[in-house]
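Under the numbering used here, think of the first position of the sequence shown as 2, with each following residue one higher.
These notes are about the structure you will find just below.
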Amino acid sequence: MSDNVKLTPFEKVMRLIQFDKDLCDGALCGVDEAGRGPLAGPVSVCACSMPLDEPIVGIDDSKKLSEKKREALYEQIVEIADYCVVLIDRETIDSINILQATKLGMSRAVRGLKNKPNKAFVDAVTKLDLDIPYDAIIKGDAKSYNIAAASIIAKVTRDRYMRELDAEYPMYGFAKNKGYGTAEHIAALGKYGPCAEHRRTFIKNFVSIENAEA
């Protein structure tokens with residue numbers, strides 16, 4: 002089917018499911034992350050194995066969904082999925098860099114599944130420390146049902162974390178910007194300096210970190 006053809010929500014989710022079925026005939030998990038780019042907070046990584054005979058209409062790349070829709074889909078997904086979500090903290094990100102932190106989270110998430118899958122589909126990332134075969138799929142969250150489900154769990158988990166963080170550090174607007182480097186966030190960094198959750202290796206070009214909170 003051409004990508005230019007307008008699909009119904011059901012047809013779209015069935016296309017995602019068919020992608021997974023075509024490339025793996027055994028137990029499969031999808032792996033994705035949220036939060037590689039922000040100036041603050043953890044990177045959230047999820048491994049998710051979905052039953053392919055119970056399609057949840059609406060599942061898609063989390064970036065294409067509204068926050069309200071992601072939250073609703075999250076509740077449906079966690080009811081039926083075998084999933085594991087891992088948060089890698091900013092200290093680790095600063096210590097080993099964001100790519101290695103993401104890989105660490107992905108490996109831990111796959112190992113944390115209740116049932117070991119035969120294969121993993123990973124959104125773009127390669128060179129993972131896994132004991133099962135995996136495929137790194139470019140834009141996998143828009144192609145694979147399992148990766149899309151993982152992307153939703155990872156995103157919702159991280160967004161909830163950042164909303165909780167906003168209560169502790171309301172000056173940065175974390176509930177709204179989720180730690181990303183918006184103009185308002187950068188201005189707040191300049192005014193208040195960084196908090197304990199700011200990634201030192203990310204903010205060094207914006208603010209002095211010599212007297213930052215540990």
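Think of the CB as a built atom: it goes at the ideal place given N, C-alpha and C, for glycine as much as any other residue.
Item	Value
The region 50-60 / the region 123-143 touching (three or more Cβ pairs under 8 Å)	no
Within 7 Å, strictly: CB atoms of A151 and D62	no
Candidates H199, N147, I154 and V157: closest to Y170 by CA position	H199
K117, DSSP secondary structure in three states	coil
Cβ neighbour criterion (16 or more within 10 Å) applied to K205	exposed
CB contact flag (A28, N119, <7 Å)	yes
Sheet register partners of D33 (DSSP bridge)	C47
Cβ pair V87, V46 closer than 7 Å	yes
Rounded Cβ spacing between E34 and D160 (contact assumed at less than 8 Å)	About 13 Å; that fails the 8 Å criterion.
Secondary structure of D142, DSSP reduced to three states	helix
Coil, strand or helix - M2 by DSSP	Confidence in M2 is poor, its pLDDT being 47 and thus under 50, which makes the residue's placement unreliable; the coordinate value appears in the next sentence. Here M2 sits in coil by DSSP.
For G191 and R112, the rounded distance between their alpha carbons	40 Å
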